[in-house]
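What follows is one structure encoded as structure tokens, with my remarks underneath.
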């Protein structure tokens, strides 16, 4: 008989009133014990510093400064809840005692005792449920709390590796802990970038509105005629309106940005002033490495003093080599050895000296450096890209891996019985710098033209009398030599030439390395198989090999080392049936191979921080790429889910919201599944998809760079695309949000380009006698342009023959009705190279007529821009702003959308 049935019996014996009191007494006794258990739960949470979920209030992501205050609020709410429960307990006890006394006076002792026993049994049963529920909650909260504490501990293990004598302060650590790719939002909008992008977009979509490509090309008394059509006027006004609205919204948005980063930027500037240390990134992964500059320079000099690979030069030969390469390419074009398109792609203009720097291998003892060459913009960089494209077909090999995913697909094809054997990884020591250059070039030429013919060996025979094959072979050798062994660079303001091997950073480096390694494999594979090699795969210089369980590893390594004295292999054998290769950990099981994502012990866990002022797409890419690798590399669902947990953990350390990460996991999984479905479709459906892709490839694309602010940039991008679609529906506008410079801008790891060797610049020259100034632009080295203005050779630092046109002679007037495509790599015509150099510049006329002197030591660079038309726009903006007296006109090119320029 339970309480409620017994209350019916009491009602029959003593009446309704007494029965009602019994019911209330039972409820109060049970409630009293429930409050006791709740109070015990809350006190346990208080003692263990655990915050129950009912105490927490929902709040959006806030700055870390306020998190402690919020936690204190939670603790206060918990304390107040405990006090409230105590008051409830007192009231429940008094009510229960009062009801107990009332019933005791109105019923028999036997019935009262039976009631007490029944209530005790009910309380015991309910207590079991209460204890189970509270213990379950406590366990969950304890796990959560432990996870947070672990996160807190691990978040102190920052990615900074300090090997220098300098001890960082807390402020210095706090600004470096976010990594060198962290971006602080600029406090102002870069209006020059905005204006140059919009003006260029207008011209690309609607064409020019004057009959001059560049106003500096006109005569002094010549008037400029505008030919703006009604359509151009209409859309210029609309573009201006959209841009003006963006500027207003952006400025409002920038005002709301936390200004605390100003202190951080100040700390970074102070760090950058310390020339005794060198701050850079590690060789593998993300992070911050701090070295003593003296140690860094000494280690680099140890590498560069290797005379078998590097040769020291006494000056910068960039201009000489640029002129020589232009001459060579012109001759080859005339002979038909290269096409017009290839010539325009490879011909150099405004080249700069390549620059060498070193990245610390933090995962190796002794902290060695990996030499890396920044070759973009060097005189032979585009030539290297052209040759690399021509040699792609010679990289094909069944042993070569394209990437990690290719390796995973290869592992899946292995038979179960292969797990009986051993896994070994072979690695070539410094492959790129050790590739025997002349040997590899001969391999390439033999593949392209066959064995060397005897035409060049006949001394009396001129090259014009050689056979076609020998001429072609000689021309290609000259091009490859120019792109490789004739590469020069600077380090520590000294100049070097790499005459052997290929520099890491050169477009030819991976191609040459692959061709050499393929040749090695073709010659040694029979010996390797005889020595016990059963399965062989290679990615550049890293090789994954499965060998017979009884094979001698030293013997296999000796065979590999026998091919060339400069190429030496090291080996790593599996440990505990595991072997890492690339970013995959391969586990050998009884009848299959298991794979999961591998991270080196030096892995820092640093991602693009959530608080970094970069477009959302950057953060989506940072997370989705990790998720995709987890899906593709993980061989089982269990491994994949463990990797997802790790991604959740790492992204949390980098400040990513949980909802954002979960959303990316779902989306990436859906895309992966959809891709698998597409691959499973029949050939006709796939062919149809390919046809659609080809149609998309034929669509004209225009890239528009806009300054990144936040939501204002997203809205602005949408409005630009919508307007462009109205102007020209066949054009696809791709907006690229350009964030502010990252932290690494403060710590230059490469030599500064001398001012006279800078190109694609807007410059200003001042008269030393009066206040007259001149503003111009040049896509070539500043020294060439200054020489045309009459600067002395000691300023221009060049005594080479000028074979390229002057600034004005290289400009070609086109019809105003033509639609000009101002591409990034716009090249000049053959006729322009033959044009005479004009030396009657405005500065020379000023010197001659007024007998004044120019202060050639104080000329300055006002702006930089790689895009040809944007450079003209920036020159126009500078002229409009500074009003130089020596310029012929008020603009370089007309400003249509923003005629007033930038304030």
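Residue numbers (full-length UniProt numbering): 1 to 903. Yeah, the Cβ is synthetic: ideal placement off N, Cα and C, and Gly gets one too. Computed from a predicted model, the values in this text were never measured in an experiment.
6 Å Cβ shell around residue i - same chain, five flanking residues per side excluded
{"i": "residue 679", "result": "none"}
{"i": "residue 880", "result": "901"}
{"i": "residue 512", "result": "435, 440 and 502"}
{"i": "residue 51", "result": "74"}
{"i": "residue 279", "result": "290 and 747"}
{"i": "residue 798", "result": "Note that residue 798 scores a pLDDT of 47, beneath 50, so its modelled location is shaky; the value from the coordinates is reported in the next line. Taken in chain order, the residues that qualify are 319 and 783."}
{"i": "residue 455", "result": "466, 467 and 470"}
{"i": "residue 668", "result": "624, 627 and 628"}
{"i": "residue 717", "result": "735"}
Distance between residue j and residue i (C-alpha atoms, nearest Å)
{"i": "residue 367", "j": "residue 345", "result": "40 Å"}
{"i": "residue 394", "j": "residue 540", "result": "14 Å"}
{"i": "residue 641", "j": "residue 632", "result": "12 Å"}
{"i": "residue 603", "j": "residue 158", "result": "11 Å"}
{"i": "residue 319", "j": "residue 666", "result": "54 Å"}
{"i": "residue 349", "j": "residue 335", "result": "22 Å"}
{"i": "residue 437", "j": "residue 192", "result": "46 Å"}
{"i": "residue 161", "j": "residue 291", "result": "9 Å"}
{"i": "residue 677", "j": "residue 195", "result": "45 Å"}
{"i": "residue 915", "j": "residue 582", "result": "Outside the shown range of the chain, which is 1 to 903, sits residue 915, and nothing can be said about it."}
{"i": "residue 360", "j": "residue 428", "result": "18 Å"}
{"i": "residue 754", "j": "residue 699", "result": "41 Å"}
{"i": "residue 710", "j": "residue 250", "result": "8 Å"}
{"i": "residue 55", "j": "residue 42", "result": "11 Å"}
{"i": "residue 199", "j": "residue 782", "result": "25 Å"}
{"i": "residue 484", "j": "residue 777", "result": "31 Å"}
{"i": "residue 183", "j": "residue 577", "result": "43 Å"}
{"i": "residue 452", "j": "residue 384", "result": "23 Å"}
{"i": "residue 231", "j": "residue 765", "result": "39 Å"}
{"i": "residue 897", "j": "residue 780", "result": "28 Å"}
{"i": "residue 264", "j": "residue 175", "result": "6 Å"}
{"i": "residue 45", "j": "residue 69", "result": "19 Å"}
Same chain only: Cβ atoms within 8 Å of residue i, ignoring 5 sequence neighbours per side
{"i": "residue 495", "result": "312, 313, 314, 315, 316, 317, 353, 488 and 489"}
{"i": "residue 904", "result": "No statement about residue 904 is possible, as the shown extent of the chain runs from 1 to 903 and does not include it."}
{"i": "residue 702", "result": "201, 204, 205, 724, 731, 732, 733 and 734"}
{"i": "residue 658", "result": "648 and 652"}
{"i": "residue 852", "result": "767, 768, 769, 770, 772 and 846"}
{"i": "residue 443", "result": "515, 516 and 519"}
{"i": "residue 91", "result": "none"}
{"i": "residue 89", "result": "32, 35, 36 and 39"}
{"i": "residue 585", "result": "578, 579, 595, 596, 597 and 598"}
Integer Cβ distance of residue i from residue j, believed to fall under 8 Å
{"i": "residue 615", "j": "residue 741", "result": "Not really, about 15 Å apart at Cβ, beyond 8 Å."}
{"i": "residue 545", "j": "residue 407", "result": "Contact doesn't hold; Cβ gap of about 13 Å is too wide."}
{"i": "residue 308", "j": "residue 498", "result": "Not really, about 11 Å apart at Cβ, beyond 8 Å."}
{"i": "residue 841", "j": "residue 788", "result": "6 Å"}
{"i": "residue 567", "j": "residue 607", "result": "Wrong, their Cβ atoms sit about 36 Å apart, outside the cutoff."}
{"i": "residue 144", "j": "residue 21", "result": "Not a contact, Cβ separation roughly 45 Å."}
Cβ-based neighbour list, residue i, same chain, cut-off 7 Å, excluding 5 preceding and 5 following
{"i": "residue 720", "result": "242, 704, 733 and 735"}
{"i": "residue 590", "result": "419"}
{"i": "residue 275", "result": "293"}
{"i": "residue 405", "result": "632"}
Beta strand (DSSP E) segments (min. 3 residues) lying fully within the region 250-293: Note on the region 250-293: whole beta strand (DSSP E) runs with a minimum of 3 residues are 277-280 and 288-292, in chain order.
Ignoring anything shorter than 4 residues, give me the alpha helix (DSSP H) runs that lie fully in the region 89-169, in order along the chain. Counting whole runs of 4 or more residues, the region 89-169 contains the alpha helix (DSSP H) stretches 109-155.
Please list the segments of the beta strand (DSSP E) lying wholly inside the region 709-797, counting only runs of 3 or more residues, in order along the chain. With a minimum length of 3 residues, the continuous beta strand (DSSP E) runs that stay inside the region 709-797 are 731-738, 761-766 and 773-778.
Indicate whether the contact test is met: 3 or more Cβ pairs, each with one atom in the region 443-455 and one in the region 523-532, closer than 8 Å. Result no; under three Cβ-Cβ pairs closer than 8 Å.
Contained beta strand (DSSP E) runs [length at least 3] in the region 568-620, N- to C-terminal order: The qualifying runs are 569-573, 578-581, 584-588 and 593-597.
Length at least 4, wholly inside the region 506-531: the alpha helix (DSSP H) runs in chain order: With a minimum length of 4 residues, the unbroken runs of alpha helix (DSSP H) contained wholly in the region 506-531 fall at 509-530.
Scan the region 391-444 and note each continuous beta strand (DSSP E) run of 3 residues or more that stays entirely inside, going in chain order. The region 391-444 contains these whole beta strand (DSSP E) runs: 422-428.
Enumerate, from N- to C-terminal direction, the unbroken alpha helix (DSSP H) stretches of 4 or more residues contained entirely within the region 616-660. Counting only runs of 4 or more, we get 616-633 and 637-653.
Validate contact between the region 498-514 and the region 381-390 using beta carbons, cut 8 Å, 3 pairs: Under the 8 Å Cβ criterion, the region 498-514 counts as touching the region 381-390, having at least three qualifying pairs.
Taking contact to mean at least 3 C-beta pairs separated by less than 8 Å, is the region 468-476 in contact with the region 364-382? Touching, no, given that fewer than three Cβ pairs across the two stretches are closer than 8 Å.
Touch check for the region 636-655 and the region 760-780: three-plus C-beta pairs under 8 Å? In this structure the region 636-655 does not lie against the region 760-780, because fewer than three pairs of beta carbons, one per stretch, are closer than 8 Å.
Cβ pair count under 8 Å reaching 3, the region 127-139 against the region 32-42: Short answer: they touch.
Mind listing, in chain order, the continuous alpha helix (DSSP H) runs of no fewer than 4 residues lying wholly within the region 842-867? Those alpha helix (DSSP H) runs which fall completely within the region 842-867 and span 4+ residues are 842-850.
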